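This report refers to the structure that appears directly beneath it.
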Amino acid sequence: MTTVIDSLDEISCRFEAVFCDLWGCLHNGIRPFPSAVQALDRFRRRGGYVVLLTNAPRSRSGVVRQLDQIGVPRGLYDDVVTSGDAARRALALGEFGRSVHHIGPRRDETFFNHENEEGLEGLGEIMLTTLEAAQGLVCTGLVDDTTETPQQYLGLLQSARDRRLKMLCANPDLIVDRGRKRVFCAGAIAALYSEMGGHVSLFGKPHKPIYTTARLRMYAALGRIIEDCHILCIGDGIHTDIEGAARENLPSLFVTGGLSRTATATTRNPDRNRLESFLAEHASQARPDTAIGHLR
């Protein structure tokens, strides 16, 4: 049975570190949630280690710049680990060819910059090209996620499938809420390509590489290993944050007021009956240990 709590403080004494999601938990893409900022600040002031674990297709430095722009204090967290970092390493190794076609907005082209980061030297050899000349696909999102849907990419995906191009998906999320608007992410295009018979490699939650990277960085910073039972995963994605935690045998806190707010009838906290029905339908293999309406 998943326990509903009213504050992170109720359970924070059990944990030395948190892996916290961004969209839907700490911010809405436009501004941070004050209660979430306060909750993580209290945890960190008590000596906790905070890793922001995000399926953003950009590098760590790119996400930090975005957090600065929307007003998330740098003193709130110790590290940022992105799906983009894990995906860029695979791209640098040439696993998707040296000429790739990018599906995504121009702002994500920083994904292809190595920024002098160790292990990414091979990115300097990657060329962006037309679909016809490409050896592989890199999907970071929709070109215009304010107006487009994945179905509008059917023709492109059919051509890529016919050529048996492998797709690197740098963000497994299907959707996120930007302010009050729900938009599609790269994962939705990747899911469509996979349904069509295309080959897709996913990076980020719930897949292992992003968690391995987070643990290694935390060990490098602290000089010691934090046991899994003392790391809390916080997120609003049942098939990303919570399933990823379950795969890694990490405790989890499900924020129901994000992507699942309607299904769980969340106001301050979820309706318990609606929450149980939602988990029975969506989380039979990845049930969260605890749940809360909004991180606070």
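Under my numbering, the first residue of the sequence shown is numbered -10, with each subsequent residue one higher.
We treat Cβ as the ideally placed atom computed from N, Cα and C, and that holds for glycine.
Predicted model, so just to flag it, every value in this text is computed and none were measured.
The criterion of a C-beta distance shorter than 7 Å is satisfied by Glu232 and Ala275. Assignment of Arg20 by DSSP, reduced to helix, strand and coil, places it in the coil class. Taking each of Ser72, Asn262 and Leu112 in turn and checking the Cα distance to Asp162, the smallest one comes out for Ser72. Counting the other CB atoms within 10 Å of its CB gives Ala269 a total below 16, which places it among the exposed residues. A direct Cα-to-Cα measurement between Glu114 and Arg35 gives close to 45 Å. In this structure, Ile220 lies away from Cys9, with their beta-carbon atoms at least 7 Å apart. When rounded, the separation of the alpha-carbon atoms in Ala25 and Arg261 is 22 Å. In terms of Cα proximity to Gly60, the closest of Gly18, Arg263, Gly144 and Ala203 is Gly18. Excluding its 5 nearest sequence neighbours in each direction, Asp74 has C-beta neighbours in its own chain below 7 Å: Ser48, Arg49 and Thr202, listed in chain order. If you draw a 10 Å sphere on the C-beta of Cys2, you find fewer than 16 other C-beta atoms in it, and that means exposed. Taking 7 Å as the cut-off, the Cβ atoms of Asp30 and Leu65 count as close.
In this structure the region 183 to 192 does not lie against the region 206 to 218, because fewer than three pairs of beta carbons, one per stretch, are closer than 8 Å.
Between the C-alpha atoms of Ile214 and Tyr208 there is a straight-line separation of about 6 Å.
Remark: C-beta atoms of Ser88 and Ala122 approach each other more closely than 7 Å. In the structure shown, the three-state DSSP call for Ala179 is helix.
Annotated three-state conformation of Val61 is coil, per DSSP.
By DSSP's assignment, His188 forms a beta bridge with Lys155. DSSP, reduced to helix, strand and coil, places Phe243 within a strand of the structure shown. With a beta-carbon spacing of about 22 Å, Leu242 and Pro198 fall beyond the 8 Å limit used to define contacts. Take the alpha-carbon of Gln140 and the one of Thr253: they are about 28 Å apart. If you draw a straight line from the Cα of Gly86 to the Cα of Gln124, it comes to about 5 Å. Judged by their CB atoms, Ala81 and Leu42 are not nearer to each other than the 7 Å cut-off.
Distances from the alpha-carbon of Ile164 to those of Ala45, Val53, His90 and Ser273 put Ala45 closest. Residue state for Thr99 is assigned as helix, using DSSP reduced to three classes. One alpha carbon belongs to Arg285, the other to Gly13, and they sit about 13 Å apart. Going by beta carbons, Asp97 and Thr136 fall outside the 7 Å limit.
For Gly233, the enclosing alpha helix (DSSP H) has its first and last residue at Glu232 to Arg236.
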